[in-house]
Each structure stands twice: as C-alpha cells, then as structure tokens.
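What follows is a single structure, written as structure tokens, with notes after it.
2 protein chains.
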Amino acid sequence: MVQKLSDLARFLMKFCSACGHAVILRIPAGDQRARFVCTHCHAIHYQNPRNVVGALPVWGDQVLLCRRAIEPRYGFWTLPAGFMELGETTAQAARRETLEEAGARVELLPLFSLLNVVRAHQVHLFYRARLIDLDVRAGDESLEVRLFKEAQIPWEQIAFRTVDQTLRFFFADRQDGRFGLHTADIESG
Amino acid sequence: MVQKLSDLARFLMKFCSACGHAVILRIPAGDQRARFVCTHCHAIHYQNPRNVVGALPVWGDQVLLCRRAIEPRYGFWTLPAGFMELGETTAQAARRETLEEAGARVELLPLFSLLNVVRAHQVHLFYRARLIDLDVRAGDESLEVRLFKEAQIPWEQIAFRTVDQTLRFFFADRQDGRFGLHTADIESG
Chain A
1 MVQKLSDLAR FLMKFCSACG HAVILRIPAG DQRARFVCTH CHAIHYQNPR
51 NVVGALPVWG DQVLLCRRAI EPRYGFWTLP AGFMELGETT AQAARRETLE
101 EAGARVELLP LFSLLNVVRA HQVHLFYRAR LIDLDVRAGD ESLEVRLFKE
151 AQIPWEQIAF RTVDQTLRFF FADRQDGRFG LHTADIESG
Chain B
1 MVQKLSDLAR FLMKFCSACG HAVILRIPAG DQRARFVCTH CHAIHYQNPR
51 NVVGALPVWG DQVLLCRRAI EPRYGFWTLP AGFMELGETT AQAARRETLE
101 EAGARVELLP LFSLLNVVRA HQVHLFYRAR LIDLDVRAGD ESLEVRLFKE
151 AQIPWEQIAF RTVDQTLRFF FADRQDGRFG LHTADIESG
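Chains A and B, in that order, give the protein sequences.
According to the UniProt record's numbering, the first sequence holds residues 1 to 189 in order.
According to the UniProt record's numbering, the second sequence holds residues 1 to 189 in order.
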C-alpha cells in the first residue's frame, strides 16, 4: 500500500477543493454533524472512513506474511493489504495488494474478517485466499515474504492488531474445521 | 442519509485542501495511479471508495422498508442505509441510519451482504436486524415506513439495485433455512 496507515492528516481541511477559498467547520442545515463548509461557494466537504483490504494467502498448512519495508511498523510482519482504490471492487483490491506486496497470485475465498479501526477512520477487510503457486517475491514495500506454519508465526512482530486478530480467527477456525465471517472492533490499527 | 448516493462531484478536485493552491493530476513517484497533487505544497490527495451501511430489519415474517423523501429515487422504497461517518463502526452506522430514517431500534444480527458499486465508488454493507418493537416512524428523509411480507414487496419500486439484491438474497436464504454472507458486484447503485 502506498498510503500510510497512520495518515490522519488528510482529515484536516483548510481550503475548499472546489474553489480554493477558506473552509470552516459548521453543522449544515438538516445535518447533525460538523462538516468543513466553504465560506465562498458553500460546498460541503463530507469525510468518511476508508477501507483497507487484504488477503490471508494459504499454501497447505502455511500462511504467507510480508515483512514491511515502509513505515509505520518497518520490519514487522503483516498480511498483504492496502487502501482500496477508486474503480475497483474489494476482491480486486485484495488481489492487487497481494500481487504488489508479495508478488503472489491467489484464488480468493470468501471474505473472512471485517474489523473496525475507529480511531484511524478505517475498516479492514481480509479475504481468505489460496496461493496459486510458490512464485512469490517481496514487492517495493516488503523486505521479504515468507510462509509460516502456525507454530512459527512471529506473534510479537505482527505489524497491526487487525492482522493479529485475523490470523487468530483463522487458526481457531481451522482447528474447528469451519470458516465463518468474523467481525470485531479494534481501537488502533 | 444526508449525502446523495449519486454525488460523484466530490471526486473532482481543483484546489489543495491544505494550502489552497491549484492541484494537478499526476502519478507520484513510487505510485502507479494519477492523484491530485498540489503544485505548491506537493500534498498528495488520495481518494478512496466510501461505505454505505444499512440494515434489513425484520419483524416476524415481515421486513421494514422506507419510502424515500429525497432524491435520488424520491418516492421509491429502500432499506434504511447511509454513508458511514468518521468515528463510528459499521454496526453503529447501521443502527444510526435505521433510527434516523425509520425511527426504529434494532438488534443487529450478522453482516448479511457486501456489494461493490464500482462506478459510484461505493461499497454497500447490510446487516440483518431484528426490530425491537413496532414503534417506528418516518424520519426526515422518509415519506413513510412500512412492514412488508415477501409477497407484498414492491419490486418495481425499489430505489437501489443493492437493496433489491439484498432483499432477494434474504428471501432465498430464509427459504433455505440458513443465512450466510453474500457478496456481489453491481454496476450502478
């Protein structure tokens, strides 16, 4: 992913993106929330949470993780994931991020986890996935990619709580012999 | 929901929201996509799809629909749904929209549908829900709210394809006696 997961600065707005004049925070008529509203053209600039979409790629009894080559959490392990782009579906975003960060082609399985990261204004979505082959390699944002059996997972070096949670859901479900959709609310990414 | 579902104008940007100078579309270093980039402070303004979250409220063998008092699709029937706001979870958004549009309090059940509306840059999420009581009333954005048995659903007057699709998934699952998560990609809202 190119955007930083911790990037909250984008939710601050000083000028109107339509006309360039100053904006102020106020509650528009008929609304209940303060919005950035242009003092000149009166455009209302709504802001909404963003989706981070990824995959949990599996090969036999192993899962694929990427070691991050970028901040935040440089050097920590993560599942391939990133911000959903305009013009793509959630499934396309998961496949694209898996290819970009791990050089890996996957067959996507059903959506596996939906995690609200409220303070970061993000929703994280992970699909289970099957690696099509072992032709994987670190992309620009990864130091290395590697397959891990459950006992080998570097739990102390997982980059994000949503990734930790998704992996824990996965191994619990695998133990139970059935996979469902898991939802959870997490305070920080 | 306060924002219009068809509002695509927000994805056009002429001025930098951080410094007020002109932006241009270009591909930043290390990126693969054109972004709005400020000619003065060089801020990159990423844009991402938004989530529309709602509920499918059930009372016995009936489902609750709202008749829209706003455009688009004034006068058509919909499930209560709207844009997810900063600072809330997907479940909180579903409950809030159900209260705002139908005056209804619900117990949320598992997430039921995830629908990509690629051309509108939206992801629609619907939770199944149980109405807590029949104390419902049209909110500001609804002309009326009403309970419908399956045979009474006004299929020709459903406001959005994601609502139509979610209702069809629901009645099919109810027939089968089991509810799952359904995903689909839809070209327009």
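Even glycine gets a Cβ: it sits at the ideal position worked out from N, Cα and C.
Just the Cα atoms here: how many angstroms apart are residue i and residue j?
| i | j | result |
| --- | --- | --- |
| A:Ala-184 | B:Ala-29 | 35 Å |
| B:His-182 | B:Thr-39 | 44 Å |
| A:Leu-86 | B:Gln-122 | 9 Å |
| A:Arg-161 | A:Thr-78 | 10 Å |
| A:Phe-11 | A:Gln-32 | 18 Å |
| B:Ile-27 | B:Leu-131 | 49 Å |
| A:Val-136 | A:Ile-158 | 20 Å |
| B:Ala-69 | B:Phe-171 | 26 Å |
| A:Phe-36 | A:Tyr-46 | 7 Å |
| B:Ala-55 | A:Ala-22 | 37 Å |
| B:Ser-17 | A:Gln-62 | 45 Å |
| A:His-42 | A:Cys-19 | 10 Å |
| A:Gly-103 | A:Glu-97 | 9 Å |
| B:Lys-4 | B:Val-52 | For B:Lys-4, the predicted structure reports a pLDDT of 47, less than 50, and the residue's modelled location is therefore unreliable. The matter cannot be settled from this model. |
| B:Ser-6 | A:Val-118 | Summary for B:Ser-6: the model assigns pLDDT 40, below 50, so the residue's position carries little reliability; its value from the coordinates is reported in the next sentence. Their backbone Cα atoms lie some 26 Å apart in a straight line. |
| B:Phe-76 | B:Asp-164 | 12 Å |
| A:Gln-92 | A:Cys-66 | 19 Å |
| B:Arg-146 | B:Asp-140 | 15 Å |
| B:Gly-177 | B:Leu-99 | 28 Å |
| A:Ala-120 | A:Pro-49 | 8 Å |
| A:Met-84 | B:Pro-154 | 34 Å |
| B:Met-1 | A:Gly-60 | Below a pLDDT of 50, predicted positions are generally treated as unreliable, and B:Met-1, at 44, falls in that range; the measurement from the model is reported next regardless. Near 45 Å, if we compare the C-alpha coordinates of A:Gly-60 and B:Met-1. |
| B:Phe-179 | A:Leu-64 | 31 Å |
| B:Leu-25 | B:Ala-34 | 6 Å |
| A:Ile-44 | B:Leu-143 | 25 Å |
| B:Arg-105 | B:Tyr-127 | 13 Å |
| B:Asp-173 | B:His-124 | 19 Å |
| B:Arg-57 | A:Phe-169 | Inspection of the sequence shows that residue 57 of chain B is occupied by Pro rather than by Arg. Each residue's Cα considered, the two are about 28 Å apart. |
| A:Pro-80 | B:Pro-110 | 26 Å |
| A:Met-13 | B:Leu-115 | 30 Å |
| A:Gln-175 | A:Glu-150 | 11 Å |
Anything in chain A within Cβ reach of residue i, meaning under 9 Å, just list it in chain order.
| i | result |
| --- | --- |
| B:Gln-47 | Glu-85 and Leu-86 |
I'd like to confirm the pairing. Which residues does DSSP put opposite residue i in its beta bridges?
| i | result |
| --- | --- |
| B:Cys-19 | Partner(s): none; B:Cys-19 has no beta bridge. |
| B:Trp-59 | B:Gln-62 |
| B:His-45 | B:Phe-36 |
| A:Asp-185 | A:Asn-116 |
| residue 190 of chain B | What is shown of chain B runs 1 to 189, which leaves residue 190 of chain B out entirely. |
| A:Gly-82 | A:Val-53 |
| B:Ala-107 | Inspection of the sequence shows that residue 107 of chain B is occupied by Glu rather than by Ala. Answer by DSSP bridge pairing, in chain order: B:Arg-130. |
| B:Ile-153 | None; B:Ile-153 has no bridge partner. |
| B:Arg-26 | B:Arg-35 |
| A:Ile-158 | A:Trp-77 |
| B:Arg-68 | B:Ser-142 |
Determine the chain B residues that contact residue i at a beta-carbon separation under 9 Å, and present them in chain order.
| i | result |
| --- | --- |
| A:Ser-142 | In chain order: nothing, as chain B lies at least about 14 Å away. |
| A:Gly-20 | Lys-14, Phe-15, Cys-16, Gly-20, His-21 and Ala-22 |
| A:Phe-11 | Leu-86 |
Locate the alpha helix (DSSP H) running through residue i, then write down its first and last residues.
| i | result |
| --- | --- |
| A:Asp-176 | 161 to 176 |
| A:Ala-93 | 90 to 102 |
For a contact meaning CB atoms closer than 8 Å, what does residue i contact in chain A?
| i | result |
| --- | --- |
| residue 207 of chain B | Past the boundaries of the shown model lies residue 207 of chain B; chain B is included only from 1 to 189, so the question cannot be answered. |
| B:Leu-167 | Going along chain A, no residue has its Cβ under 8 Å from B:Leu-167, so there is no contact; the nearest lies around 20 Å. |
| B:Thr-89 | Asn-116, Val-118 and Asp-185 |
Could you give the residue range of the beta strand (DSSP E) that holds residue i?
| i | result |
| --- | --- |
| B:Phe-76 | Careful: B:Phe-76 lies outside any beta strand (DSSP E) and carries neither H nor E. |
| B:Phe-36 | 35 to 38 |
| B:Ala-138 | It is not in any beta strand (DSSP E) - B:Ala-138 carries neither H nor E in the DSSP assignment. |
| B:Gln-122 | 122 to 131 |
Give the residues of chain B in contact with residue i, contact being defined as C-beta atoms less than 8 Å apart.
| i | result |
| --- | --- |
| A:Val-123 | Asn-51, Met-84 and Thr-90 |
| A:Pro-110 | Leu-181 and Thr-183 |
What do you reckon, is the C-beta of residue i under 7 Å from a heavy atom of the ligand MG?
| i | result |
| --- | --- |
| A:Phe-112 | The ligand MG is not among the ligands present in this structure, which contains no ligands whatsoever. |
So is residue i in contact with chain D if we call contact Cβ pairs under 8 Å?
| i | result |
| --- | --- |
| B:Tyr-127 | Within the model displayed, chain D is absent; protein chains A and B are what it includes. |
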